[in-house]
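Since the structure comes first, as structure tokens, the remarks are kept for the end.
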Amino acid sequence: MTAPHPIQRRLWAEELVRLRRARERERYAASQRRGRIDPNPHQIDAVIFALERIPSGGCVLADEVGLGKTIEAGLVIAQLMAEGTHRVLVIVPKPLMGQWQHELYTLFGLEARDGMAGALAGGGVFIVGREFAGTTRGASAIAEAEPFGLCVIDEAHEIFAGIHRRYDRDGQYRDDSEDAMIAHRVKSALGGTPKILLTATPIQNSLTELWGLVQYVEPTGTLLGDLPTFRAVFCDGDDRTLAAGQEHELRRRVDQICKRTLRRQAQEFLERPFVHRSALLVEYSMSPEERSLYEDVTRYLLEPNLCAFRGRQRQLLLIGFHRRMASSLPALAASLRKVAERLERILAGKEPGAEAAEAFTADLEDDELAGSTAGEEDIPLDPGAVAAELSRVNSFIARARSITSDTKATKLLEAITMLRARGERGEGSGRVVVFTESLTTQDYLRAELLEAGIDDRDITLFRGNNDSPRAREALEIWRAEVEKDLPAYTRPTPDVAVRLALVHEFKTRSHIFLSTEAGAKGLNLQFCDTLINYDLPWNPQRIEQRIGRCHRYGQRRDVVVVNFSSTDNEAQRLLLDILMTKLDLFGRVLDASDVILHEPTTDTPELVGDARARLPESARPHLRTVAHDRRDRGGAAQAPGGRGRAAYRVRGRDRPHTARDRVAAR
């Protein structure tokens with residue numbers, strides 16, 4: 291008998307690899323051959339975990355920010371495709387679609403087709419925006435298409451954790467509920483398709499969010515029980531309080547479907563450890579005029595029978611109003627103007643409706659509010675009461691516009707001036723990222739910086755819709771300086787290109803990066819070492835996502851995070867307490883590596899002193915400082931031009947050691 295040809299022997303070897311069990315490390319060999327990356331051991335462990343869980347419904351990959359959940363998902367997809375899986379669906383936030391397509395192709399050779407542009411027919415990897423998938427048309431297209439072997443959902447916590455709101459007190463799923471419509475439509479359309487949920491924050495506000503995510507990947511419903519059982523066993527009085535003594539049991543159960551690696555756990559496999567992080571709380575006092583206005587508006591909002599905030603939209607509108615109210619005086623004035631417009635429409639006999647409510651919250655660019663508006667209830671209103679409320683709101687608007695002093699903005703300008711001066715002396719990068727939730731506040735801060743003498747070319751604005759003349763100019767410069775040297779097949783889509791162009795502008799020309807929440811995902815800003823949260827989001831894990839833009843692998847300087855809070859604003863003080871409670875809940879169930887807001891004490895005064903030096907003298911008396919000086923930090927490597935690429939290296943001749951070598955070394 292003739293010896294088999296080398297090609298035949300290679301084919302047999304391939305077949306042997308395909309038939310290996312999920313828990314065997316050699317099973318990922320096909321994805322390794324296809325990819326251009328050398329993953330770290332924690333990613334290999336996550337891939338093996340996911341491959342083993344997929345036949346049972348899927349899993350949650352919940353590594354901390356910057357540790358490479360997308361790479362883990364890409365490895366799983368590549369392996370399944372090599373094993374014969376015909377179709378894979380990827381659901382991501384729409385702004386990240388192009389980035390996912392670019393990286394799946396460049397890192398794994400997977401050409402992801404835009405499922406929104408054409409039919410979901412044939413084989414391959416299809417990618418759709420979650421906004422499309424959550425519409426009636428998009429969900430129908432997914433449900434009617436040929437079944438998928440796997441669905442990957444990125445940033446799953448933002449929309450899909452809210453599925454618990456569709457269950458009643460008895461644990462029955464309500465098909466007619468108007469809550470969490472995107473989560474409902476996607477869940478219904480996918481049916482029994484195995485799912486991988488990617489999120490660094492499975493818990494954001496309550497334990498029931500974690501329960502909701504589990505419903506996507508554990509179809510039997512027995513792991514955490516139905517919703518009433520889960521609450522009875524694990525919640526103490528409310529959904530935000532974990533029952534005493536149940537931490538270990540909840541972790542044990544969640545670990546069966548959730549794989550989470552912390553930065554400190556991945557530390558030993560990295561060429562360069564994570565740098566230190568210190569979190570500073572700048573507390574400022576409002577002027578008497580500001581405080582009086584805020585107190586009067588707060589009293590107004592607490593009244594139970596407001597004409598502008600009523601029916602099923604009341605909670606949504608009040609939340610949006612409070613968040614803009616805490617952002618800046620111009621944002622408060624703009625919010626009041628929206629309230630006045632609603633009252634004017636009611637007086638004119640025109641019901642505001644859900645569309646008006648969405649316009650009211652659009653300033654926040656908040657994905658969590660997408661699709662959560664419902665129609666107004668038909669509640670009769672007294673025209674006299676509406677007119678009186680309108681007059682009252684107009685008086686608030688006049689007062690807001692008459693206030694010329696803004697203590698919070700003044701503190702920000704002082705801090706930025708100090709940081710720029712330090713940068714000019716070679717102390718630190720001299721760059722700063724400033725996050726705000728409000729588009730109105732973003733425009734206001736830019737105007738304040740310009741009035742303070744800072745050149746417009748030294749300010750980069752980043753938001754959900756980057757279609758300004760400055761953004762287009764930055765794109766042209768990026769194409770001339772960067773894209774021209776990229777191979778044609780690696781050039782990103784226009785949406786991704788403009789994001790990369792604005793980051794390039796910040797890295798090479800400007801020193802201040804003013805961003806809304808749109809910049810909290812998918813950006814690599816590790817060349818900047820200072821981040822300011824001008825206003826705090828109600829979700830503490832969003833702060834961690836923001837910090838992850840700078841505090842990531844490749845950062846060479848210690849990172850300082852500055853959080854602003856008013857000492858005499860009861861709403862902001864309550865917000866801080868709520869944020870700390872949520873962080874404590876998250877840490878007890880899932881653990882975390884780094885401080886986000888502040889700690890009450892510190893053992894490292896030398897780092898505190900260095901952090902204080904970054905702020906102006908006038909800000910220091912109002913500063914509550916907490917340093918975080920943990921030497922053993924985990925982290926993640928960055929892919930060129932990618933989003934939060936983690937703990938992998940692009941293969942090259944200078945990297946002789948493979949992932950298997952490092953696994954064996956353990």
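Numbering-wise, our numbering puts 653 at position 363 of the sequence shown, and it's gapless, one number per residue. Every residue, glycine too, gets a C-beta built ideally from N, C-alpha and C.
_Along the chain, where does the beta strand (DSSP E) containing arginine 377 start, and where does it finish?_
Its beta strand (DSSP E) spans residues 377-382.
*Continuous alpha helix (DSSP H) assignments of at least 4 residues falling wholly in the region 525-568*: The qualifying runs are 537-544, 553-556.
*May I have the straight-line CA-CA distance separating alanine 688 from glutamine 862, to the nearest angstrom?*
C-alpha of alanine 688 to C-alpha of glutamine 862: approximately 23 Å in a straight line.
*Is the beta carbon of glutamate 795 less than 9 Å from the beta carbon of tryptophan 768?*
If you check the CB distance, glutamate 795 and tryptophan 768 come in under 9 Å.
*How long is the line joining the alpha carbons of lysine 797 and lysine 359, rounded to whole angstroms?*
Near 25 Å, if we compare the C-alpha coordinates of lysine 359 and lysine 797.
*For isoleucine 833, name the three-state secondary structure that DSSP assigns.*
Assigned with DSSP and collapsed to three states, isoleucine 833 falls in helix.
_To test your reading of the DSSP string, which unbroken beta strand (DSSP E) runs of 3 or more residues are found completely within the region 763-818?_
Runs of the beta strand (DSSP E) inside the region 763-818: 802-805.
*Using the rule of at least 16 other Cβ atoms within 10 Å of the residue's Cβ for burial, across every protein chain shown, is arginine 749 buried or exposed?*
It is isoleucine, not arginine, that sits at residue 749 in the sequence shown. The residue is buried, with at least 16 neighbouring Cβ atoms inside 10 Å.
*Give the single residue among Met576, Phe599, Tyr584 whose Cα lies nearest to the Cα of leucine 622.*
Comparing Cα-Cα distances from leucine 622 to each of Met576, Phe599, Tyr584, the minimum goes to Tyr584.
*Tell me which same chain residues have a C-beta within less than 6 Å of the C-beta of threonine 730, skipping the five on either side of it?*
Cβ within range, chain order: Pro620, Ala621, Ala624, Asp653.
*Three-state class that DSSP yields for glycine 414 in the structure shown*: Of the three classes helix, strand and coil, the one that applies to glycine 414 here is strand, per DSSP.
*asked:* So, with DSSP's three-state summary, where would you put glutamate 573?
replied: In this structure, glutamate 573 counts as strand in the three-state DSSP scheme.
*Report the residue from Arg589, Ser346, Ala368 whose alpha carbon sits nearest the alpha carbon of threonine 510.*
Checked all of Arg589, Ser346, Ala368; the closest Cα to threonine 510 is Ser346.
*If we count Cβ pairs, one from each stretch, closer than 8 Å, do we get three or more for the region 722-737 versus the region 803-818?*
By the criterion of at least three beta-carbon pairs nearer than 8 Å, the region 722-737 is in contact with the region 803-818.
*In DSSP terms, what tyrosine 463 is bridged to*: BP columns for tyrosine 463 point to Tyr457.
*Can you give the beta carbon distance from valine 366 to alanine 402, rounded, assuming they're within the 8 Å contact cut?*
Cβ atoms of valine 366 and alanine 402 stay farther apart than 8 Å, at about 14 Å.
*Of the choices Ala534, Phe564, Leu680, whose alpha-carbon is the least far from that of tyrosine 590?*
Answer by Cα proximity: Leu680.
*asked:* Determine whether the beta carbon atoms of leucine 765 and valine 793 lie at a separation below 9 Å.
replied: Not in contact: leucine 765 and valine 793 (Cβ atoms no closer than 9 Å).
*Cβ-Cβ separation, valine 676 to leucine 633 (assumed contact under 8 Å), whole Å*: Between valine 676 and leucine 633 the Cβ distance is about 6 Å, and since that is below 8 Å, they are a contact.
*Could you tell me the boundaries of the beta strand (DSSP E) in which leucine 487 lies?*
For leucine 487, the enclosing beta strand (DSSP E) starts and ends at 485-488.
_Taking contact to mean 3 or more Cβ pairs, one atom from each stretch, closer than 8 Å, check whether the region 446-459 and the region 482-495 are in contact._
Yes, since at least three Cβ pairs between the region 446-459 and the region 482-495 fall closer than 8 Å, the two stretches touch.
_Just to confirm my understanding: we take aspartate 526, look at its own chain, exclude 5 residues before and 5 after, and list those with CB closer than 8 Å. What are they?_
For aspartate 526, where only same-chain residues beyond five positions count, the Cβ hits under 8 Å are Leu532, Ala533, Ala534.
_For proline 830, the nearest candidate out of Thr588, Gln557, Gly844, Asn853 (CA to CA)_ = Checked all of Thr588, Gln557, Gly844, Asn853; the closest Cα to proline 830 is Asn853.
*Identify, in the order they occur along the chain, each residue of the same chain with its Cβ nearer than 6 Å to the Cβ of leucine 480, setting aside the five sequence neighbours on each side.*
Excluding positions up to five away in sequence, the list reads Cys441.
*Do arginine 543 and leucine 497 come within 9 Å of each other at the CB atom, strictly closer than that value?*
Contact check for leucine 497 against arginine 543 fails: the beta carbons are separated by 9 Å or more.
*Which stretch, first to last residue, makes up the alpha helix (DSSP H) that contains asparagine 684?*
First-last of the alpha helix (DSSP H) with asparagine 684: 673-692.
_Which residue marks the beginning of the beta strand (DSSP E) containing valine 849, and which one marks its end?_
First-last of the beta strand (DSSP E) with valine 849: 849-856.
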